[in-house]
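Chains as they are written, first to last, in this note's numbering: chain A, 1 to 175; chain B, 1001 to 1119.
Think of the CB as a built atom: it goes at the ideal place given N, C-alpha and C, for glycine as much as any other residue.
All values reported here derive from a predicted model rather than from experimental measurement.
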């Protein structure tokens, strides 16, 4: 029973990405402005829509035009996610590294980098980054997904369902 | 302002067929005709959560189930799949000379996760 052929392990896996979009905010609360960095904003939108190539293209432009370090970090975080979407994991890693060099508490980058490491088979580094992401954002769903992917890689399981009809029937009034 | 968006891209993870074990009931009870196996909730599988649900229900003369209710459960995540499976299952119809019992039938589903050994 424990020995199961694991063809399912080779099935397409769940890809989990975390994106951040920069949106402009007026100095006065009644003023509604568009995004301060449209390339960054629409790049994030494209990535969220699943268009990795367009998302990366726009985000690269957005990072070039970033007016402040916050936008730059957001852009690099999105580039990390975008390149992972494009299955260019090494490039994605380099952007996550840059984000984390500037902000050690950026859990999305830990999570994304963990995913890139996982896809590259670097399981110890995946575990280390996941622990950091979990420490910062213990309830983040994307972190949980990456954790489950790591578990699937290291401790795969298959559903086993027992249907037991031995339970005696109960009186109609018992419910 | 930074508006953070989180998205999970699901690339159609094929739901693997569960391993199924069936333990038949006692003699004299209604015999299953078509038994539907509940799906293992993906969230629970990911989180490595196991559970058990006992569902009780009526079976009419034709073998259809009704008044399906969870009698006992260790985790709510498994209740709907168990109920749905019972609703979709059927029993052998009664013969003309057989009487319909007034008692409910119960079925227990145990949701386990078996370690996989890679060949």
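A direct Cα-Cα distance of roughly 44 Å separates residue 108 of chain A from residue 1089 of chain B. The Cβ of residue 1073 of chain B sits no closer than 8 Å to any Cβ of chain A.
Taking a contact to require three or more Cβ pairs closer than 8 Å, the segment 1077-1096 of chain B and the segment 1062-1069 of chain B qualify as touching. Residues are counted here when their Cβ sits less than 8 Å from a Cβ of chain A; for the segment 1016-1028 of chain B these are 1016, 1018, 1019, 1020, 1021, 1022, 1023, 1024, 1025, 1026, given in chain order.
Between the alpha carbons of residue 1081 of chain B and residue 36 of chain A lies a gap of roughly 47 Å.
Here the alpha carbon of residue 147 of chain A sits roughly 19 Å from the alpha carbon of residue 92 of chain A.
Close CB contacts of residue 1075 of chain B within its chain, under the 6 Å cut and outside five residues either way in sequence, are with 1051 (chain order).
Per DSSP, residue 142 of chain A is not a residue of any beta strand (DSSP E); the alpha helix (DSSP H) it occupies stretches across 141-154. Under DSSP, the beta-bridge partners assigned to residue 1073 of chain B are B:1053. Interface residue (Cβ-Cβ distance to chain A less than 8 Å): residue 1033 of chain B is not classified as such.
Under the Cβ distance rule, residue 1065 of chain B does not count among the residues neighbouring chain A, no pair being separated by less than 8 Å. Only 1101, 1102, 1103, 1104, 1105, 1106, 1107, 1108, 1109, 1110, 1111, 1112, 1113, 1114, 1115, 1116, 1117, 1118 from the segment 1086-1118 of chain B bring a Cβ to less than 8 Å from some Cβ of chain A.
The Cβ atoms of residue 111 of chain A and residue 143 of chain A lie closer than 8 Å to each other. Interface residue (Cβ-Cβ distance to chain B less than 8 Å): residue 164 of chain A is classified as such.
Burial of residue 113 of chain A is indicated by the presence of at least 16 other C-beta atoms within 10 angstroms of its C-beta.
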